Ligand SMILES: Nc1ncnc2c1ncn2[C@@H]1O[C@H](COP(=O)(O)OP(=O)(O)OP(=O)(O)O)[C@@H](O)[C@H]1O
Ligand SMILES: [Mg+2]
């Protein structure tokens, strides 16, 4: 589904990604781990279409289409969803309004009619329940004054509404209490299906116990330097990243 | 030269102006001493009243039946609050046929009132707009709420320009709240068609101890109407004032608010939103005078300017000597949507006491890139995201408007083509 080849990205004319390759197939869950500042969020944001991150080389294909040539909204409509590491606050925009506008923009792109108010309320009611969020959140401004954990839940709420084909979750588990982590993990798992793919950026093994990945990758120095299965995550949890970086430097 | 015009206007109108003549003459003379404000005057640095000063204006006349019907229709179609006591002032004259009889608050027409120049706080004001209003006012109302009484329904004052000629109107609204009285006032400024003219309204507010007043004003003039307003308020001990202004229309719009917190515990919340779309000039001049200790004020204004739209904000905070334990906050945030748009904002603080909490901030910027990306990453196209964020910028303050019908009207006007927004905003 997603095919990244030799991706080079600069931020403020500083190279961050330096020849990254990654393949994500439909139905798969991939975890990306790596030291702070190694470029995980940069990768996620570039895939979602952030324009001030400059791609200097490489290709990214989504189902054979050139993802890099698409505007952020086109990517969203093609099924890409990014749960932000730091969700953006938008004072003055009602959370429910955004959900509905987003859903309708994507439905329109797929030739579907706008969702009617009744259907929407039914749908959102079910998703709120799944995320154990109160209805009050619908009428508050997007992420404004939300606690760290509430912002993360709100990202997952959006994801459940939009049912993306490719979900990129950037440290959605950071800052969650134990119960919230379970709720978020359940939300993610509910989306697992043979047609969808999920990429989890995380620092913690804990999430991967609840959302078991098919593959685990280490991003360091702007590349995927090691890939493995779930066992790799456990090893990283115990040993840290130094040994991998040493290994990568040696080769 | 333009002063000659105003003198001539006065000469022409003097036989039809109601009430005592001498005070009007004195007010005009006081105005003529200094004339129209010029840009050398700090308070008028960015706003030129030339279009007003150089125009020939007609005197207002009572509405004929046809005009009255059109005014009625316009008042209705602009979504008024349902349960309000309504006063319609068309071309500066109270239209009793279109107004509802008041029940719990005492209302009196000011027409022919001998004391027109003596009642209220602005009677002695040297503000040029107040002087012109005193010289030319033909009508207005005096609102009086007795001690301890809280009006259950808002008072709606609709200021209408009929467009029957190019009319200068100077209505005068006097609001007098006795001890612990409470009142909500909704002011709506509207036009018929493409009315040309000038509306120069004065709000004169005197609040006794513990009284509570909220004024929400929505200005929806057309492209050919100039509007100036002057609100002057004095608050005694523990009195509170909320004033919210939304300016969406007009050619030249200038709002002066002047609040004196005269007794300990008095507090003022002043906020405003303007949208200076093409061809519009909006200027808010806000003065808050902390004359007593333990007073608080919050001033928050937001402006949006598009294409050649022009906005101005000046906020003056004065903390007098000995006025300790003051909490005063002021913010002016502005959004420029085009290269040629311009907004000037100047916070000014004069603080002569040492135990005070004062803060102020002024920003002029463009839409936030991170917010744009966030919305687009959810599937909104760039134009929709821009429109939504522009609306949101204003909506942060529009949300404070009351009652709901007024808020929804303002939201709908600012949201423009954003489908479905009003529905969500009204859910709260
Ligand atoms: N807008 C920016 N301007 C300048 N530098 C940036 C910007 N965004 C990211 N960077 C830099 O790019 C590098 C990669 O950042 P990125 O956020 O992708 O790291 P990360 O792997 O997600 O780290 P973390 O685990 O801490 O979230 C960092 O050194 C960061 O400081
Ligand atoms: Mg990161």
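Chains as they are written, first to last, in the working numbering: chain F, 79 to 329; chain R, 87 to 514.
Note that the Cβ used here is the ideal one computed from N, Cα and C, for glycine as well.
Remember, predicted model here, so these are calculated numbers, not experimental data.
*Do residue 323 of chain R and ligand 2 come close, with the Cβ less than 7 Å from some heavy atom?*
Outside the cutoff, so no.
*Nearest-residue set for ligand 2, Cβ under 7 Å from any heavy atom*: The set, ordered by position in the chain, is F:118, F:119, F:163, F:248, F:249, F:279.
*asked:* So within the region 239-296 of chain F, which uninterrupted alpha helix (DSSP H) runs reach at least 4 residues, ignoring any that extend past its ends?
replied: If we require 4 residues or more, the alpha helix (DSSP H) runs fully inside the region 239-296 of chain F come out as 256-269, 283-288.
*asked:* Counting only C-beta atoms, is residue 95 of chain F closer than 8 Å to chain R at any point?
replied: Residue contact check for residue 95 of chain F against chain R: no CB pair falls below 8 Å.
*Determine the direct distance from the alpha carbon of residue 494 of chain R to that of residue 512 of chain R, and round the result to whole angstroms.*
For residue 512 of chain R, the predicted structure reports a pLDDT of 44, less than 50, and the residue's modelled location is therefore unreliable. The matter cannot be settled from this model.
*asked:* Restricting to Cα atoms, I'd like to know which of R:453, R:447, R:406 is closest to residue 422 of chain R.
replied: Answer by Cα proximity: R:453.
*Within 10 angstroms of the Cβ of residue 321 of chain F, are there 16 or more other Cβ atoms? Answer buried if so, exposed if not.*
Of the residues assessed, residue 321 of chain F falls on the exposed side of the cut-off, its CB having fewer than 16 other CB atoms within 10 angstroms.
_For residue 225 of chain R and residue 116 of chain R, what's the separation of their Cα atoms in angstroms?_
Their Cα atoms are separated by approximately 21 Å.
*Per DSSP, residue 289 of chain R forms a beta bridge with which residues?*
Answer is R:259, R:317.
_Is it buried or exposed, residue 318 of chain R, if we count other Cβ atoms within 10 angstroms and call 16 or more buried?_
With 16 or more other Cβ atoms inside 10 Å of its own Cβ, residue 318 of chain R counts as buried.
*Return the first residue and the last residue of the beta strand (DSSP E) that residue 100 of chain F is part of.*
Unbroken beta strand (DSSP E) run through residue 100 of chain F: 92-102.
_Which listed residue (R:459, R:455, R:434, R:442) has its alpha carbon closest to that of residue 448 of chain R_ = The shortest Cα separation from residue 448 of chain R among R:459, R:455, R:434, R:442 belongs to R:434.
*Alpha-carbon spacing of residue 66 of chain F relative to residue 127 of chain F, whole angstroms*: Lying before the first or after the last residue shown, residue 66 of chain F is absent from chain F, which here runs from 79 to 329.
_On the criterion of 16 or more Cβ atoms from any shown chain inside 10 Å, does residue 256 of chain F qualify as buried, or is it exposed?_
Under a 10 Å Cβ-count criterion, residue 256 of chain F is classified as exposed, with fewer than 16 other Cβ atoms of the shown protein chains found around its own Cβ.
*Would you identify the three-state DSSP class for residue 111 of chain F, choosing helix, strand or coil?*
Correct three-state label for residue 111 of chain F: strand.
_Limits of the unbroken beta strand (DSSP E) element including residue 193 of chain F_ = That residue, residue 193 of chain F, is in no beta strand (DSSP E); it is neither H nor E in DSSP.
*Any heavy atom of ligand 1 within a distance shorter than 7 Å of the CB on residue 292 of chain F?*
Here the distance from the Cβ of residue 292 of chain F to the nearest heavy atom of ligand 1 is not below 7 Å.
*Rank R:272, R:237, R:214 by C-alpha distance to the C-alpha of residue 256 of chain R and give the top, closest one.*
It is R:214.
*If you follow the beta strand (DSSP E) that residue 430 of chain R is part of, which residue opens it and which one closes it?*
That run of the beta strand (DSSP E) goes 428-437.
*Counting along the chain, where does the beta strand (DSSP E) carrying residue 132 of chain F start and finish?*
131-140 is the span of the beta strand (DSSP E), which, as asked, contains residue 132 of chain F.
*Provide the residue span of the alpha helix (DSSP H) that contains residue 456 of chain R, from first to last.*
From DSSP, the alpha helix (DSSP H) with residue 456 of chain R extends over 455-463.
*Helix, strand or coil at residue 131 of chain R [DSSP, three-state]*: If DSSP states are grouped into helix, strand and coil, residue 131 of chain R belongs with coil.
_Can you pull out the residues from the region 260-281 of chain F whose beta carbon lies closer than 8 Å to at least one beta carbon of chain R?_
Among the residues of the region 260-281 of chain F, none has a Cβ less than 8 Å away from any Cβ of chain R.
_Test: residue 462 of chain R CB closer than 8 Å to a CB of chain F_ = It does; some Cβ of chain F falls within 8 Å.
*Test: residue 236 of chain F CB closer than 8 Å to a CB of chain C*: Note that chain C does not occur in the displayed structure, where the protein chains are F and R.
*From what residue to what residue does the alpha helix (DSSP H) around residue 385 of chain R run?*
Under the DSSP assignment, residue 385 of chain R falls outside any alpha helix (DSSP H), being part of the beta strand (DSSP E) whose first and last residues are 382-391.
*Any idea if residue 190 of chain F is buried or exposed, counting beta-carbon neighbours within 10 angstroms, 16 or more meaning buried?*
Burial is judged here by how many other beta carbons sit within 10 angstroms of a residue's own beta carbon; residue 190 of chain F has fewer than 16 and is exposed.
*Who are the Cβ neighbours of residue 238 of chain F in its own chain at under 8 Å, not counting the five residues just before and after it?*
So the list reads 205, 208, 209, 265, 268, 269, once near-sequence residues are dropped.
*Quick one: list the residues of chain F neighbouring residue 465 of chain R, beta-carbon separation under 7 Å, in chain order.*
151, 154, 155, 180, 183, 184, listed in chain order.
*For the region 465-483 of chain R, which residues have a CB atom closer than 9 Å to at least one CB atom of chain F, in sequence order?*
Listed in sequence order: 465, 466, 467, 468, 470, 471, 474, 475, 477, 478, 479, 480, 481, 482, 483.
*Is it right to say residue 479 of chain R is buried, meaning 16 or more other beta carbons lie within 10 angstroms of its own, or is it exposed?*
Classified as buried, residue 479 of chain R has 16 or more neighbouring CB atoms from the shown chains inside 10 Å of its CB.
*For residue 382 of chain R, the nearest candidate out of R:396, R:352, R:368, R:500 (CA to CA)*: Residue 382 of chain R has its Cα closest to that of R:352, out of R:396, R:352, R:368, R:500.
*Sorted by chain position, which residues of the same chain lie with C-beta nearer than 7 Å to residue 329 of chain R's C-beta, five sequence neighbours on each side aside?*
For residue 329 of chain R, where only same-chain residues beyond five positions count, the Cβ hits under 7 Å are 301, 317, 343, 356.
*Are any of the Cβ atoms in chain F nearer than 8 Å to that of residue 441 of chain R?*
No, residue 441 of chain R lies away from the interface with chain F (no Cβ there is under 8 Å from its Cβ).
*asked:* Quick check: is any heavy atom of ligand 1 less than 7 Å from the C-beta of residue 398 of chain R?
replied: Within the chosen limit of 7 Å, ligand 1 does not reach the beta carbon of residue 398 of chain R with any heavy atom.
*asked:* Is residue 296 of chain F a contact residue of ligand 1, with contact defined as CB to any heavy atom under 7 Å?
replied: Ligand 1 has no heavy atom closer than 7 Å to the beta-carbon of residue 296 of chain F.
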